[in-house]
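*Asks:* Line by line, the protein sequences are chains A and B. The numbering of the first sequence is the working numbering, which starts it at 1 and goes up by one. The numbering of the second sequence is the working numbering, which starts it at 1001 and goes up by one.
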Amino acid sequence: MENTKVVAEPKKRSFAKHHREDMIGKIYTNLCVLLLIVVIVSIVYFVASKGLSTFFKDGVSPIEFLFGTHWSPDGSPASFGALPFIGGSFVVSMLAALIAGPLSICAALFMTEIVPGKGKRILQPVIELLSGIPSVVYGFIGLTVLVPFISALTGGNSLGYGVGAGALVLSVMILPTITSIAADALASLPRGMREASYALGATRWQTIYRVVLPTLAPSLWTGVILGIARAFGEALAVQMVIGNAPFLPTSLLTSASTLTSVITLNMTNTSTGSVQNNVLWSMALMLLFMTFVFIIIVRLLQRRNKL
Amino acid sequence: MQTRTQPRFGTEELSVFYGTNEAVKKINMEFPEKSVTALIGPSGCGKSTFLRSLNRMNDEIASAKVVGKIWMDGEDLNDKDTDAITLRQKIGMVWQRPNPFYKSIYENIAFGPRYHGTKNKKQLDEIVEQSLRRAALWDEVKDRLKESALALSGGQQQRLCIARALSVSPQILLLDEPASALDPVSTGKVEELIIELKKELRIVIVTHNMQQAARVSDSTAYFYLGNLIEHDETTKLFSNPSNQMTQEYIMGRFG
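(1) Run through the segment 23-88 of chain A for me and flag every whole alpha helix (DSSP H) of 4 or more residues, listed as ranges in chain order.
(2) Grab me the residues of V1190 of chain B's own chain with a C-beta within less than 8 angstroms of its C-beta, minus the 5 sequence neighbours each way, in chain order.
(3) Find the residues of chain B that neighbour P190 of chain A, judging by a C-beta separation of less than 7 angstroms, and give them in chain order.
(4) Go ahead and pull the three-state DSSP assignment for A217 of chain A.
(5) Identify every run of the beta strand (DSSP E) within the segment 170-220 of chain A, keeping only runs that are complete inside it and at least 3 residues long; order them along the chain.
(6) Spatial neighbours of L1193 of chain B within its chain, please: C-beta separation below 6 angstroms, excluding the five flanking residues on both sides.
(7) For S188 of chain A, is the classification buried or exposed, using 16 other Cβ atoms within 10 angstroms of its Cβ as the cut-off for buried?
(8) From A:A96, A:F15, A:P84, A:D74, pick the residue whose C-alpha is nearest to that of P176 of chain A; which is it?
(9) In this structure, how does DSSP classify V224 of chain A when only helix, strand and coil are distinguished?
(10) Using 8 angstroms as the limit for Cβ to Cβ distance, is E1060 of chain B near chain A?
(11) Label C106 of chain A either buried or exposed according to how many other C-beta atoms from any shown protein chain fall within 10 Å of its C-beta, with 16 as the threshold for buried.
(12) Extract the residue ranges of the beta strand (DSSP E) inside the segment 1161-1239 of chain B, only unbroken runs of 3 or more that lie entirely within it.
(13) Against T380 of chain A, what residues of chain B qualify as contacts under a CB-to-CB distance less than 8 angstroms, listed in chain order?
(14) Just the chain B side, please: which residues come within less than 8 angstroms of Y198 of chain A by C-beta, in chain order?
(15) Measure the alpha-carbon distance for V224 of chain A versus G101 of chain A and round it to whole angstroms.
(16) Leaving aside the five residues before and after Q1002 of chain B along the sequence, list all residues of the same chain whose C-beta is less than 7 angstroms from its C-beta, in chain order.
(17) Check A231 of chain A in the structure and name its three-state DSSP category.
(18) Any residues in the segment 1142-1172 of chain B with a beta carbon nearer than 8 angstroms to a beta carbon of chain A? Which ones, in chain order?
(19) Can you give me the Cβ contacts of A108 of chain A inside the same chain, cut-off strictly under 6 angstroms, excluding the 5 residues immediately before and after it?
(20) By the three-class DSSP mapping on this structure, what secondary structure does L143 of chain A have?
(21) Tell me which residues share the same chain as I1027 of chain B and place their Cβ nearer than 7 angstroms to its Cβ, disregarding the 5 neighbours each side in the sequence.
(22) Indicate whether G201 of chain A and V1168 of chain B have their beta-carbon atoms separated by less than 8 angstroms.
(23) Contact between the segment 193-212 of chain A and the segment 263-274 of chain A is defined here as three or more beta-carbon pairs at a separation below 8 angstroms; is this criterion met?
(24) Kindly indicate if chain B contains any beta-carbon less than 8 angstroms away from that of E2 of chain A.
(25) Return the Cβ separation of L168 of chain A and L153 of chain A in integer angstroms, given the expectation that the two are a contact with Cβ distance under 8 angstroms.
(26) For a contact defined as C-beta to C-beta under 9 angstroms, what are the partners of G162 of chain A on chain B?
(27) Where T215 of chain A and I208 of chain A are concerned, what is the direct C-alpha to C-alpha distance, given to the nearest angstrom?
(28) Thinking C-alpha only, which one of B:L1237, B:S1043, B:L1173 is nearest V1036 of chain B?
(29) What does G1092 of chain B reach in chain A if we use C-beta pairs closer than 8 angstroms?
(30) Helix, strand or coil, according to DSSP, for N1028 of chain B in the structure here?
(31) Whose C-alpha, out of B:I1070, B:A1084, B:K1047, is nearest the C-alpha of D1256 of chain B?
(32) Name the chain A residues that come within less than 8 angstroms of G1252 of chain B, Cβ to Cβ?
(33) Nearest CA to the CA of F1223 of chain B: which residue from B:G1041, B:L1237, B:T1020?
(34) Taking S135 of chain A as the reference, give the member of A:R210, A:M111, A:S171 with the closest Cα.
(35) For N1021 of chain B, which beta-bridge partners are listed by DSSP?
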């Protein structure tokens, strides 16, 4: 009897100690999450309230904003058609994904399927380096190398600025995003899947084309969508090469603008609270909304991936 | 013996190296037709590596090197001029873990024949039905061929993989511990299937389960540290092995 009491005492104490540690951990993580949620909610609220006041306070018609093609915030009467920028953003991002998507997936295939050991050792650091280069450097290179090159290609008939230059710069920037997601997906494919195909007498290309790529399609699309999302949100590099004219792009060589480039160019030229400033927030809201859309698409793809 | 009149399949001085490590050492073995040969031995004894080299699957592993000869109908399969792609059509393989493609049941089976040029829908339907019947799976899945293969149970998936291997009409089937990831009932079904299939083709099976080897095989080979210690009729090997090491292993004294 006496013995049990002696043993029971420290047990109780250690239980209390463990309980206290658990509580501290729980409170700490809860606080962190709470802080995060507060920050996110306030950003969304702030952007939304600013962005929506264009329509509610300043009386700009949302239809005009979304579908109007005439952008003249300081004109009289002022018009706020943002379609050229919305269109510019989409065109540039999609073109960039169209260029970078196949390249990235091929690079990932090379690293994981064709030359697994060496390919990965050499290519992976290069890809990581690409993703580490600041966007202003990309823009600068685009401005000094790519733009004159495109101009020379057209025989001097254009300045070289435009959607084409923007898409090319962006495609290099999103290459690492798509490549690393695709490479991770390829590496996660169960080895048995490839072997089963080989054992049926399939060649390596048949295996890649018929088994590996279809099986991983949702993950590969996830990579492409995240690449598009990144291109959509990129401001600086695009702004440096796209020409910044407020018109809907009609060819690869016409100057255009994107939502992001218009915001960065105009935010310091407008005074807070003015309709010219608020309409920029509306564009920011539009970007935020598109991000949500991209995230939802990725989620849906991942659900399909589980099958 | 019979072997003279029948096409032969076997190895001559077959070794497998991983780097400088000799995992399989100069194996001479013959696999008679219409029979099951079981490969047993403790983990890491080289039996799976040996099995994988028979249909040149070790080609896919950069560090592996296979030396020696694999004879099939007077042709050396391990010769570098022999097309591994074509020979794998003749030698099917099934692994320990069921590995169906992320496709429908139908597409899993139609996959191999499509590679090899069968495009006709009717012909494919026929191959699918026949393969599934041979793998004793047809009755369970005939109404849901379009459903994902991943919706099947583990045992069904494994029989699907066997059906998939049969779809390209191989002459030889290599089974690498085909039942070790399955429950007893599914294991029983796979074993019945093996006994049924040996009426038509040669089967080589790697197994950890000695009772299984005794149940399904006609001859058994005992591997240890990359060496073939003994290869004999299954009844003889389990009741009266000629080698002391074999005796100790099957008595459960080590391994």
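By construction, the Cβ of each residue, glycine as well, lies at the ideal position given by its N, Cα and C atoms. Remember, it's a predicted structure, so these values are computed and weren't measured experimentally.
*Replies:* Let me lay it out:
(1) 62-67
(2) Within the second sequence, the letter at position 190 stands for residue 1190 of chain B. Taken in chain order, the residues that qualify are G1155, Q1158, R1159, I1162, P1178, A1179, L1182.
(3) By 1-based counting over the first sequence, the position of residue 190 of chain A is 190. Correct list: N1099.
(4) Taking the first sequence and counting its residues from 1, one reaches residue 217 of chain A at position 217. A217 of chain A falls in the helix class under three-state DSSP.
(5) none
(6) Numbered from 1 along the second sequence, position 193 holds the residue referred to as residue 1193 of chain B. If we look at L1193 of chain B and ignore the five residues flanking it on each side, its Cβ neighbours are A1136.
(7) Stepping through the first sequence from its first residue, residue 188 of chain A is reached at position 188. Classification of S188 of chain A: exposed, given that the 10 Å Cβ count is below 16.
(8) Here residue 176 of chain A refers to the residue found at position 176 of the first sequence. Of the candidates A:A96, A:F15, A:P84, A:D74, the one whose C-alpha sits nearest the C-alpha of P176 of chain A is A:A96.
(9) For the purposes of this step, residue 224 of chain A is identified with residue 224 of the first sequence, where counting begins at 1. Residue state, collapsed to three classes: helix.
(10) As a first step, residue 1060 of chain B must be located in the second sequence, where it is residue number 60. Closer than 8 angstroms to some Cβ of chain A, the Cβ of E1060 of chain B qualifies, so yes.
(11) Within the first sequence, numbered from 1, the residue matching residue 106 of chain A stands at position 106. By the 10 Å Cβ count, C106 of chain A comes out exposed.
(12) 1172-1176, 1202-1206, 1219-1224, 1227-1233
(13) What the structure shows of chain A is the stretch from 1 to 307, and residue 380 of chain A is not part of that stretch, so it cannot be assessed.
(14) Walking along the first sequence from the start, residue 198 of chain A turns up at place 198. Near Y198 of chain A (Cβ distances below 8 angstroms), the residues of chain B are M1057, E1060, R1088.
(15) As a working mapping, residue 224 of chain A is identified with position 224 in the first sequence. As a working mapping, residue 101 of chain A is identified with position 101 in the first sequence. Rounded to whole angstroms, V224 of chain A to G101 of chain A spans 6 angstroms at the Cα level.
(16) Translated into positions along the second sequence, residue 1002 of chain B becomes position 2. In this predicted model, Q1002 of chain B has a pLDDT of only 42, less than 50, meaning its place in the structure is not dependable; the value taken from the coordinates is given anyway. Closer than 7 angstroms at Cβ, skipping near neighbours: no residue.
(17) Taking the first residue of the first sequence as position 1, residue 231 of chain A is located at position 231. Residue state, collapsed to three classes: helix.
(18) S1148, L1150, C1161, R1164, A1165, S1167, V1168
(19) The sequence position of residue 108 of chain A within the first sequence is 108, counting from 1. Hits under 6 angstroms: T179, A182, A183, L186.
(20) The residue given as residue 143 of chain A occupies position 143 in the first sequence. Helix at L143 of chain A.
(21) In the second sequence, residue 1027 of chain B corresponds to position 27, counting from 1. For I1027 of chain B, where only same-chain residues beyond five positions count, the Cβ hits under 7 angstroms are T1011, L1014, F1050, L1228.
(22) The residue labelled residue 201 of chain A in the question sits at position 201 within the first sequence. The residue labelled residue 1168 of chain B in the question sits at position 168 within the second sequence. Against a cut-off of 8 angstroms, the Cβ pair of V1168 of chain B and G201 of chain A comes out as a contact.
(23) no
(24) On the first sequence, position 2 is the one that residue 2 of chain A refers to. With a pLDDT of only 48 at E2 of chain A, under 50, the local geometry of the prediction cannot be trusted, and no value is derived from it.
(25) Locating residue 168 of chain A in the first sequence gives position 168, where the first residue counts as 1. Locating residue 153 of chain A in the first sequence gives position 153, where the first residue counts as 1. About 12 angstroms separates the two Cβ atoms, so there is no contact after all.
(26) Mapped onto the first sequence, residue 162 of chain A falls at position 162. The premise fails here: G162 of chain A is roughly 42 angstroms from chain B at the closest Cβ pair, so nothing lies under 9 angstroms.
(27) To locate residue 215 of chain A, count along the first sequence from 1; it is residue 215. To locate residue 208 of chain A, count along the first sequence from 1; it is residue 208. Taking the straight line joining both Cα atoms gives about 10 angstroms.
(28) As a working mapping, residue 1036 of chain B is identified with position 36 in the second sequence. For the residues B:L1237, B:S1043, B:L1173, the minimum Cα distance to V1036 of chain B belongs to B:L1173.
(29) The sequence position of residue 1092 of chain B within the second sequence is 92, counting from 1. Residues of chain A passing the Cβ test: A199, L200.
(30) Locating residue 1028 of chain B in the second sequence gives position 28, where the first residue counts as 1. DSSP places N1028 of chain B in strand when its eight states are reduced to three.
(31) Here chain B covers residues 1001 to 1255 and nothing more, so residue 1256 of chain B does not appear.
(32) Translated into the one-based positions of the second sequence, residue 1252 of chain B becomes position 252. Within chain A, no residue comes near G1252 of chain B; the closest Cβ sits about 31 angstroms away, beyond 8 angstroms.
(33) Translated into the one-based positions of the second sequence, residue 1223 of chain B becomes position 223. Closest by alpha carbon: B:G1041.
(34) Within the first sequence, residue 135 of chain A is the residue found at index 135, counting from 1. When only C-alpha atoms are compared, the closest one is A:S171.
(35) Reading the second sequence from its first residue, position 21 is the one you call residue 1021 of chain B. For N1021 of chain B, which the question treats as bridged, DSSP gives the partners B:Y1018.
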